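All remarks here apply to the structure that follows.
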Amino acid sequence: MKLLQFAMAATFCALAAAPASAQYVKGNEAVKVMPDGSRRVELPPVPVAGPASKSRPCAAEAGCNAGPWHMVETTDGLRECTEPFARPTTCRASSYGTKKLSRLWIAKRGPTWLWCQYPDIGSKCVDMHARPPANLPYDAVQ
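Residue numbers (the working numbering): 956 to 1097.
Have a look at this one:
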């Protein structure tokens, strides 16, 4: 009996100490699982006009990100990025589940790229390319 209690307590402690499992956006059409089990991931395109096309993005490790972190699913898995386009140097490994940060989740539904409040298409999502104020995202500390 004591052995069973010890085993249950050890299992509970191991689960409590383990980091949260990697997240994904439920319903994200940008991620497709192929028949061979591999994943094909589509990233939001960088606009050809406007400030995002001309500006130099903030590097993830530079400490210059003033807004929420963009959670983007990439070929390397879930990444925290300073922008939704996941350009080189703008992303770092995800700290989701271990660190509380203001986050937006990037997802695709049909041809439309979305900023979502939570990792679910059913949460508050707005079109990234809509005109203001319709494109103002709802970030959340999570």
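The beta-carbon is built from N, C-alpha and C at its ideal position, and this holds for glycine as well.
No experiment lies behind these values; they were computed from the predicted model shown.
Less than 7 Å between C-beta atoms, sequence neighbours within five positions excluded: which residues of the same chain meet that for residue i?
i, result
"P1012", "T1037, E1038, R1042, T1045"
"D1031", "none"
Helix, strand or coil for residue i per DSSP?
i, result
"A1062", "strand"
"A1007", "helix"
"E1016", "helix"
"V986", "strand"
"G1032", "strand"
"M1026", "strand"
"D1094", "coil"
"V996", "strand"
"D991", "coil"
"A1085", "coil"
"R1047", "strand"
Quick check on the burial criterion: 16 or more other C-beta atoms within 10 angstroms. Buried or exposed for residue i?
i, result
"K1063", "buried"
"E1028", "buried"
"S1108", "Shown here, the chain extends from 956 to 1097; a query on residue 1108 therefore has no answer."
"A1089", "exposed"
"A985", "buried"
Give every residue of the same chain whose Cβ lies closer than 8 Å to the Cβ of residue i, excluding the five residues on either side of it in the sequence, and list them in chain order.
i, result
"M989", "R995"
"N1020", "C1013, T1037"
Quick one: what's got a C-beta closer than 6 Å to residue i's C-beta in the same chain, skipping five residues either side?
i, result
"W1068", "P999, M1083"
"L1059", "P1023, H1025, W1070, P1092, D1094"
"A1015", "T1037, T1045, C1046, R1047"
"S1078", "C1071, Q1072"
Assuming residue i and residue j make a contact with CB atoms under 8 Å, what is their CB distance in whole Å?
i, j, result
"V980", "F1040", "That belief does not hold up - the Cβ atoms of V980 and F1040 are roughly 16 Å apart, past 8 Å."
"V1096", "L1056", "7 Å"
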